[in-house]
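Q:
Number of protein chains: 2
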Amino acid sequence: MSTAPDGSRATIRAVARLAGVSASTVSRALNAPELVNAETRRRVLECADRLGYQPNRAAQSLVLGRTRNVGLIVPDIANPFYAPFIKGVEAHFRDTEYAVFLADTDEDTATEVRLAEAMSERVDGLILCAPRMSGTRLRTVASKTTIVLANRVSRAAPSVLLDFRPGMEQAVAHVHALGHRRCAYLAGPANSWSNRQRRRYLAAGCAARGIELVELGPYEPRFTGGFRAADEVLAQDVTAVFAYNDLVALGVLSRLTARGVPVPARPGTPGGLSLVGFDDVPMASMTHPPLTTVAMPVTALARAAAAAMHAMLAEGAPGAPPPPPAAELATRLLIRGTTGPI
Amino acid sequence: MSTAPDGSRATIRAVARLAGVSASTVSRALNAPELVNAETRRRVLECADRLGYQPNRAAQSLVLGRTRNVGLIVPDIANPFYAPFIKGVEAHFRDTEYAVFLADTDEDTATEVRLAEAMSERVDGLILCAPRMSGTRLRTVASKTTIVLANRVSRAAPSVLLDFRPGMEQAVAHVHALGHRRCAYLAGPANSWSNRQRRRYLAAGCAARGIELVELGPYEPRFTGGFRAADEVLAQDVTAVFAYNDLVALGVLSRLTARGVPVPARPGTPGGLSLVGFDDVPMASMTHPPLTTVAMPVTALARAAAAAMHAMLAEGAPGAPPPPPAAELATRLLIRGTTGPI
DNA sequence: ACGTGTACCACAAACGTTTTCATACTTCCG
DNA sequence: CGGAAGTATGAAAACGTTTGTGGTACACGT
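Going line by line, the protein sequences match chains E and V. Take the first sequence: its position 116, counted from the start at 1, is 116 in full-length UniProt numbering, and no numbers get skipped. Take the second sequence: its position 88, counted from the start at 1, is 88 in full-length UniProt numbering, and no numbers get skipped.
1. Could you name each continuous alpha helix (DSSP H) segment of 4 residues or more that falls completely within the stretch 259-339 of chain E, going from the start of the chain to the end?
2. Measuring alpha carbon to alpha carbon, tell me which of E/273, E/66, E/329 ends up nearest residue 183 of chain E.
3. Quick one: grab the DSSP three-state call for residue 184 of chain E.
4. With residue 247 of chain E and residue 223 of chain E assumed to form a contact (beta carbons below 8 Å), what rounded beta-carbon distance in angstroms separates them?
5. I want to verify the contact list: residues of chain E whose CB lies under 7 Å from the CB of residue 90 of chain V, in sequence order.
6. Does the stretch 249-268 of chain V touch the stretch 298-316 of chain V, meaning 3 or more C-beta pairs lie closer than 8 Å?
7. Residue 80 of chain E versus chain V: which residues are under 7 Å apart at the beta carbon?
8. In its own chain, which residues sit with a C-beta less than 8 Å from the C-beta of residue 96 of chain E, not counting the 5 before and 5 after it?
9. Does the CB of residue 220 of chain V have a neighbour CB from chain E at under 7 Å?
10. State the DSSP-derived secondary structure class of residue 107 of chain V, mapped to helix, strand or coil.
11. Just to confirm the assignment, what range does the alpha helix (DSSP H) spanning residue 86 of chain E have?
12. I want to see whether chain E comes within less than 7 Å of residue 83 of chain V, judged by CB atoms only; does it?
13. Any beta carbon of chain E sitting closer than 7 Å to that of residue 139 of chain V?
14. Nearest chain V C-beta to residue 59 of chain E closer than 7 Å, yes or no?
15. When the cut-off is 7 Å and only beta carbons count, does residue 41 of chain V lie next to chain E?
16. What are the boundary residues of the alpha helix (DSSP H) that residue 25 of chain V is part of?
17. Answer yes or no: does any C-beta atom of chain E fall closer than 7 Å to that of residue 86 of chain V?
18. Report the residues of the stretch 256-278 of chain V with a CB closer than 9 Å to any CB of chain E, ordered along the chain.
19. Does DSSP put residue 195 of chain V in a helix, in a strand, or in coil?
20. Taking the Cβ atom as the reference point for each residue, do residue 159 of chain V and residue 144 of chain V lie within a distance shorter than 7 Å?
21. Determine contact between the stretch 24-31 of chain V and the stretch 44-62 of chain V, defined as no fewer than three beta-carbon pairs at a distance below 8 Å.
22. According to DSSP, is residue 140 of chain V helix, strand or coil?
23. Return no unless some Cβ of chain V is closer than 7 Å to the Cβ of residue 122 of chain E.
24. Can you tell me whether DSSP reads residue 112 of chain E as helix, strand or coil?
25. Ignore the nearest five residues each way along the sequence and tell me which others in residue 130 of chain V's own chain have a CB closer than 8 Å to its CB.
26. Taking Cβ positions only, does residue 5 of chain E come closer than 7 Å to chain V?
27. Suppose the cutoff is 6 Å on Cβ atoms and the five residues either side in sequence are ignored; what does the same chain contact list for residue 337 of chain V look like?
28. With 16 as the cutoff for other CB atoms within 10 Å, does residue 305 of chain V come out buried or exposed?
29. Is it right to say residue 341 of chain E is buried, meaning 16 or more other beta carbons lie within 10 angstroms of its own, or is it exposed?
30. Could you tell me which of E/56, E/282, E/85, E/69 sits nearest to residue 98 of chain E, measuring between CA atoms?
31. Do residue 209 of chain V and residue 176 of chain V count as a contact pair if the criterion is CB distance below 7 Å?
32. Which one or two residues does DSSP pair with residue 146 of chain V in a beta bridge?
33. To the nearest angstrom, report how far apart residue 189 of chain E and residue 127 of chain V are at their CA atoms.
34. Going by DSSP, what residues sit across from residue 240 of chain V in a beta bridge?
35. In whole angstroms, what is the alpha-carbon distance linking residue 327 of chain V and residue 173 of chain E?
36. Look at the alpha carbon of residue 164 of chain E and the alpha carbon of residue 201 of chain E, and state the distance between them as a whole number of angstroms.
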């Protein structure tokens with residue numbers, strides 16, 4: 001049985017008593033097998049098993065000074081872009097001594113800060129995915145616990161990044177090759193690093209090719225955000241649209257087809273639009289037509305973040321933290337059905 | 001500053017020394033204000049603030065015997081059905097003393113068991129959403145920590161449930177009214193409680209109305225599972241299809257339109273199908289045509305689960321646990337575009 | 001002047017581990 | 001045979017809190 005008759009859990013001393021040894025020996029039998037006699041060890045293990053002994057994590061944390069928990073904060077669990085990230089991190093830690101706390105900020109900066117503060121008390125490390133908080137705030141958090149950043153750079157902590165450049169370049173080249181010369185960018189949240197990056201490379205690529213770019217938004221980075229965006233795009237005189245992410249692209253697509261605007265332009269029919277998204281969310285390949293989008297190696301990103309965190313935790317914080325290394329993973333364009341000649 | 005010059009965090013004794021009182025007084029000033037003089041309290045609080053004092057959770061947990069964490073285990077984070085559930089639970093606990101651990105079992109029973117075991121060491125309570133583990137396993141877990149079940153019944157713990165009956169009844173009545181007499185059910189995972197419930201009420205409803213029901217599957221409860229299902233449905237001689245959930249319904253819809261099968265049947269064109277889903281996932285209202293589906297009050301369910309857990313935790317486990325109360329929330333049919341006359 | 005009550009606070013024990021230090025017993029070698 | 005080196009174990013301190021017990025100081029009534 002796992003619990004004593006009185007409902008209380010077995011302690012290390014109970015095991016020790018049953019095995020006829022001291023508590024220290026039990027502890028050693030469990031944590032440093034080479035320090036105890038093989039026979040005693042066997043006996044101790046058997047007794048521990050018989051009592052259903054489970055070390056008390058709080059007591060361990062107290063003496064060891066580490067919780068063996070890591071935190072993971074993402075802007076929105078419901079956003080399918082983050083699902084593979086979350087799963088990647090969880091998969092990495094699944095068979096380690098660490099457990100992971102996951103929280104969702106609802107895309108809200110204040111919530112993000114509160115959550116980070118609350119979590120920093122209960123974890124050894126915190127993985128912040130696309131955080132929106134200010135740089136100084138970030139430094140404050142980083143002073144309390146070790147952190148790893150995903151899709152955000154800061155001197156305060158190491159980061160793993162998506163390199164939007166290649167995907168963006170390919171997207172612009174593709175659209176240019178199809179003859180488009182006047183395009184729109186549907187912006188995401190203004191304080192989002194991803195948004196700034198995407199806009200930057202998009203602007204650079206367009207400028208280099210003589211494409212005129214108008215920026216609309218910002219829009220809520222959700223499906224419904226795309227509805228408003230679609231209507232505003234139609235009021236502009238553009239032939240191709242880059243959306244902040246797949247969700248708004250999908251929203252745009254839905255609204256456009258509902259309004260009878262062909263995607264992409266149908267030869268002969270006036271007023272069609274080409275559309276490119278970002279993220280390659282699962283749903284993106286399942287629409288009619290399937291969405292042309294820039295794919296991100298999100299699972300790889302997650303693994304890199306988890307591995308970086310794990311490494312930092314393992315080296316036991318020797319003196320000054322190592323100069324933040326930044327992994328950077330390339331994106332690429334997936335040409336599907338929503339882009340076509342002007 | 002939040003950390004001492006040597007990097008170590010301020011302890012309660014440091015605060016006590018600075019304020020010229022004992023550690024106990026500091027503790028009481030923080031936890032039981034009415035027991036200490038207002039003036040001393042003010043001074044203590046100021047000193048605590050000045051040192052950036054944060055109580056050590058491990059030490060608190062050790063002496064209090066509670067972690068002030070709760071765990072939440074769901075089958076699949078990426079499944080949009082669970083997103084509102086997760087958010088609901090998180091929202092409930094956001095401004096309480098509790099933090100929530102979230103984990104994802106990847107729809108795998110073994111992982112679910114491992115996760116539950118691992119979590120039970122670190123939390124005061126565990127919310128299990130649609131668990132697949134066996135009843136005896138469930139009892140084992142329940143003996144280690146207090147648990148609340150969502151969408152699963154067991155004598156071992158209280159549960160919050162969705163009442164599929166009304167939604168199912170409405171769906172069958174709707175389809176019957178449209179003239180359908182031979183339908184298919186696309187089954188989900190065999191060991192899933194939701195699947196059993198849905199099938200049961202569906203079978204009952206059909207039998208009561210003289211509708212012939214063929215069961216296909218089980219299918220993977222995902223979008224891609226719907227592809228295979230669609231092909232198999234077309235090999236059957238049915239006019240309406242009930243899918244295990246929206247994801248597979250969406251997959252079916254996508255595959256069907258790709259194969260040129262009208263949804264719902266077009267008068268004059270042979271071989272069309274009516275389609276009804278389950279869950280009312282966000283995407284369901286955004287397809288063409290939008291999906292007729294049975295909506296679940298998932299957020300309400302989450303709130304109920306969180307509240308039940310909170311209550312159980314608050315009453316401090318007096319003797320035997322109270323007889324499992326089970327909240328039950330009604331579902332209902334949303335008639336949209338994928339169902340029509342035969 | 002003396003108990004009685006009250007308000008405030010300090011002391012110390014306790015929570016369940018890990019780890020340092022000391023000790024007892026072996027073994028080995030000169 | 002004596003001591004050094006090694007092996008296996010136990011006692012006790014430490015981690016940072018909370019809380020029960022007790023003591024001091026003061027006000028009050030007699």
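The C-beta atom is built at its ideal place from N, Cα and C for all residues, glycine as well.
A: Let me lay it out:
1. 298-314
2. Reading the first sequence from its first residue, position 183 is the one you call residue 183 of chain E. The shortest C-alpha separation from residue 183 of chain E is found at E/273.
3. Residue 184 of chain E sits at position 184 when you count from the first residue of the first sequence. Reduced to three states, the DSSP call for residue 184 of chain E is strand.
4. Your numbering for residue 247 of chain E matches position 247 in the first sequence. Your numbering for residue 223 of chain E matches position 223 in the first sequence. Sure, about 5 Å apart at Cβ, within 8 Å.
5. Position 90 of the second sequence, counted from the start, is the residue given in the question as residue 90 of chain V. Per Cβ cutoff of 7 Å: 103, 104.
6. no
7. If you number the first sequence from 1, residue 80 of chain E lands on position 80. Those within 7 Å of residue 80 of chain E in chain V are 78.
8. Taking the first sequence and counting its residues from 1, the one referred to as residue 96 of chain E is at position 96. Cβ within range, chain order: 310.
9. The sequence position of residue 220 of chain V within the second sequence is 220, counting from 1. Not closer than 7 Å to any Cβ of chain E, the Cβ of residue 220 of chain V fails to qualify, so no.
10. Locating residue 107 of chain V in the second sequence gives position 107, where the first residue counts as 1. Coil, per DSSP.
11. The residue labelled residue 86 of chain E in the question sits at position 86 within the first sequence. Segment 83-94, the alpha helix (DSSP H) holding residue 86 of chain E.
12. Residue mapping note: residue 83 of chain V aligns to position 83 of the second sequence, counting from 1. So, interface residue.
13. For the purposes of this step, residue 139 of chain V is taken as the residue at position 139 of the second sequence. Output row for residue 139 of chain V: interface = no.
14. The count along the first sequence starts at 1 and reaches residue 59 of chain E at position 59. By this cut-off, residue 59 of chain E is an interface position.
15. In the second sequence, residue 41 of chain V corresponds to position 41, counting from 1. Output row for residue 41 of chain V: interface = no.
16. Here the question's residue 25 of chain V lines up with position 25 in the second sequence. Looking at the DSSP string, the run of the alpha helix (DSSP H) that includes residue 25 of chain V is 23-31.
17. On the second sequence, residue 86 of chain V is found 86 positions in, with the first residue counted as 1. Closer than 7 Å: yes.
18. 257, 258
19. Locating residue 195 of chain V in the second sequence gives position 195, counting from the first residue. Note: residue 195 of chain V maps to helix in three-state DSSP.
20. For this step, residue 159 of chain V is matched to residue 159 along the second sequence. For this step, residue 144 of chain V is matched to residue 144 along the second sequence. Contact: no.
21. yes
22. Taking the first residue of the second sequence as 1, we reach residue 140 of chain V at position 140. DSSP places residue 140 of chain V in helix when its eight states are reduced to three.
23. Here residue 122 of chain E refers to the residue found at position 122 when the first sequence is read from its first residue. It does: the Cβ of residue 122 of chain E has a partner Cβ on chain V nearer than 7 Å.
24. Position 112 of the first sequence, counting from 1, holds the residue named residue 112 of chain E. Reduced to three states, the DSSP call for residue 112 of chain E is helix.
25. Along the second sequence, one-based indexing puts residue 130 of chain V at 130. So the qualifying residues of the chain are 74, 75, 150, 151, 152, 192, 193, 194.
26. Taking the first residue of the first sequence as 1, we reach residue 5 of chain E at position 5. Because the pLDDT at residue 5 of chain E is just 48, under 50, the model does not fix this residue reliably, and the value given afterwards should be weighed accordingly. By this cut-off, residue 5 of chain E is not an interface position.
27. Stepping through the second sequence from its first residue, residue 337 of chain V is reached at position 337. Closer than 6 Å at Cβ, skipping near neighbours: 289, 290.
28. Numbered from its first residue, the second sequence carries residue 305 of chain V at position 305. Classification for residue 305 of chain V: buried.
29. For the purposes of this step, residue 341 of chain E is taken as residue 341 along the first sequence, with counting starting at 1. Burial call: exposed.
30. Walking along the first sequence from the start, residue 98 of chain E turns up at place 98. Closest by alpha carbon: E/69.
31. Within the second sequence, residue 176 of chain V is the residue found at index 176, counting from 1. Within the second sequence, residue 209 of chain V is the residue found at index 209, counting from 1. Yes.
32. Walking along the second sequence from the start, residue 146 of chain V turns up at place 146. DSSP output for residue 146 of chain V lists V/125 as bridge partner(s).
33. The residue labelled residue 189 of chain E in the question sits at position 189 within the first sequence. The residue labelled residue 127 of chain V in the question sits at position 127 within the second sequence. Straight-line Cα distance between these residues: approximately 33 Å.
34. Counted from its first residue, the second sequence places residue 240 of chain V at position 240. Its beta-bridge partners are V/183, V/274.
35. As a position in the second sequence, residue 327 of chain V is number 327, starting the count at 1. As a position in the first sequence, residue 173 of chain E is number 173, starting the count at 1. Spanning the two alpha carbons is a distance of roughly 57 Å.
36. Within the first sequence, the letter at position 164 stands for residue 164 of chain E. Within the first sequence, the letter at position 201 stands for residue 201 of chain E. If you take the alpha carbons of residue 164 of chain E and residue 201 of chain E, they lie about 7 Å apart.
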